[in-house]
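Residue numbers (the working numbering), protein chains in the order written: chain A, 588 to 703; chain B, 362 to 475. Note that beta-carbon positions come from the ideal geometry of N, C-alpha and C, so glycine has one too. Reviewing the structure listed below.
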């Protein structure tokens, strides 16, 4: 069974600064996908970024980027130029396999607060 | 607009009174799933369905039932709710084929059982 661990229950950052959220996972699979989801106070689940395990290049979406270390089973999220709207709960998630229709396994979540 | 519609958004009920949370998607997705979210535990899968009439247990299925009579609908049924089922519930869907882009989530149902 896959497990996902987020060891930082809460983090805070000043507006315009950079913050990194940690995520580690455990799996014996070779093909899988990793995701970061954002859950603002509206509680909507919003996909931030995804990474395909067979791709060595780290995914980037505007101010959001990941540091994917496959051997270490680590998948951290870096948010640059933090904005007040980035305040949210962030979940790391794992999906095995090469196609969709598979279970998403989530970490415990990290509550990020961006301070003005 | 492509979406997963969950109702109700908030629900307060008493122990033992049967309830149903509805979920409907308009994207023709084969895969649908229910999760519950609890502080410090993240989201845990309750049940999932790969297609019509095909359902299976997730990690925390006790006390819940589901059905998939139509492709678009996947209701969650609590036959006899108990206080430990107080939680935030999410329905989600995705296609089965093609590269996964994660799930499309509903807006959540905050359930309180007193």
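query: In whole angstroms, what separates the C-alpha of residue 593 of chain A from that of residue 608 of chain A?
result: 8 Å
Cα-Cα separation, residue 645 of chain A to residue 653 of chain A: 6 Å
field: Bridge partner(s) assigned by DSSP for residue 599 of chain A
entry: A:700
message: Does residue 402 of chain B come out as helix, strand or coil in the three-state DSSP assignment?
response: coil
query: List, in order along the chain, the chain B residues whose C-beta lies closer than 8 Å to that of residue 678 of chain A?
result: 403 and 404
field: Inter-residue spacing [alpha-carbon to alpha-carbon] between residue 399 of chain B and residue 448 of chain B
entry: 6 Å
- request: Please specify which runs of the beta strand (DSSP E), each continuous and at least 3 residues long, are wholly inside the stretch 378-434 of chain B, giving them in chain order.
  value: 380-386, 392-399, 403-412 and 415-418
- request: Taking residue 701 of chain A and residue 602 of chain A to be in contact with their CB atoms under 8 Å, please state how far apart those CB atoms are, rounded to whole angstroms.
  value: 6 Å
- request: Let me know the secondary structure DSSP gives residue 673 of chain A once reduced to three states.
  value: helix
- prompt: Across which residues does DSSP place residue 622 of chain A in a beta bridge pair?
  reply: A:637 and A:680
query: Using the rule of at least 16 other Cβ atoms within 10 Å of the residue's Cβ for burial, across every protein chain shown, is residue 458 of chain B buried or exposed?
result: exposed
Below-8 Å beta-carbon distance, residue 369 of chain B vs any chain A residue: no
Contacts that residue 449 of chain B makes with chain A (C-beta to C-beta distance below 9 Å): 630
- prompt: So does the stretch 617-625 of chain A actually touch the stretch 650-666 of chain A, counting three or more Cβ pairs closer than 8 Å?
  reply: yes
message: Using beta carbons (cut-off 8 Å, strictly below), is residue 422 of chain B in contact with chain A?
response: no
field: Meets three-Cβ-pair contact criterion under 8 Å: the stretch 388-403 of chain B and the stretch 368-377 of chain B
entry: no
query: What is the DSSP secondary structure of residue 656 of chain A, counted as helix, strand or coil?
result: strand
- request: Check the Cβ-Cβ distances between residue 442 of chain B and every residue of chain A, and say whether any is below 8 Å.
  value: no
- prompt: Residue range of the beta strand (DSSP E) that residue 665 of chain A falls in?
  reply: 661-666
query: Mind checking if residue 468 of chain B is an interface residue toward chain A, Cβ cutoff 8 Å exclusive?
result: yes
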